[in-house]
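In my numbering, the protein residues as written are 68 to 173.
What follows is the structure in structure tokens.
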């Protein structure tokens with residue numbers, strides 16, 4: 068087996084995007100909380116606060132899921148299929164003579 072390329076995926080470039088989402092939803096949350104306290108109007112303020120808190124939680128969960136790296140994949144040439152270790156690697160896809168494999172996660 069000859070490794071042609073190593074492919075890492077997941078967790079790249081998402082921090083800035085999700086950081087901006089968290090900042091926007093935190094602003095929504097605090098605006099709702101201040102509106103509740105200042106005007107004593109619970110309807111709109113509670114709605115903004117709950118919406119902001121829910122979106123903050125969803126943003127955090129999406130960020131954690133996005134930044135969890137996927138298993139490393141390798142683009143390889145398999146010269147001898149009978150010697151390929153299926154216990155250690157699984158074939159994800161085949162493009163002509165190039166196979167994409169990843170280590171088996173137990």
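The beta carbon of each residue, even a glycine, is placed where N, CA and C say it ideally should be.
Residue 172 is positioned such that its CB atom lies no closer than 8 Å to that of residue 142.
The shortest C-alpha to C-alpha distance from residue 137 to any of 157, 100, 69, 169 is the one to 169. 8 Å or more divides the Cβ of residue 139 from the Cβ of residue 72. Within the same chain, Cβ atoms closer than 6 Å to the Cβ of residue 145 are found at 68, 151, 166, the five residues on either side in sequence being excluded. Taking 8 Å as the cut-off, the Cβ atoms of residue 120 and residue 96 count as close. Under the three-state reduction of DSSP, residue 89 is assigned to helix.
Looking only at 94, 86, 99, the smallest Cα-Cα distance to residue 116 is reached by 99.
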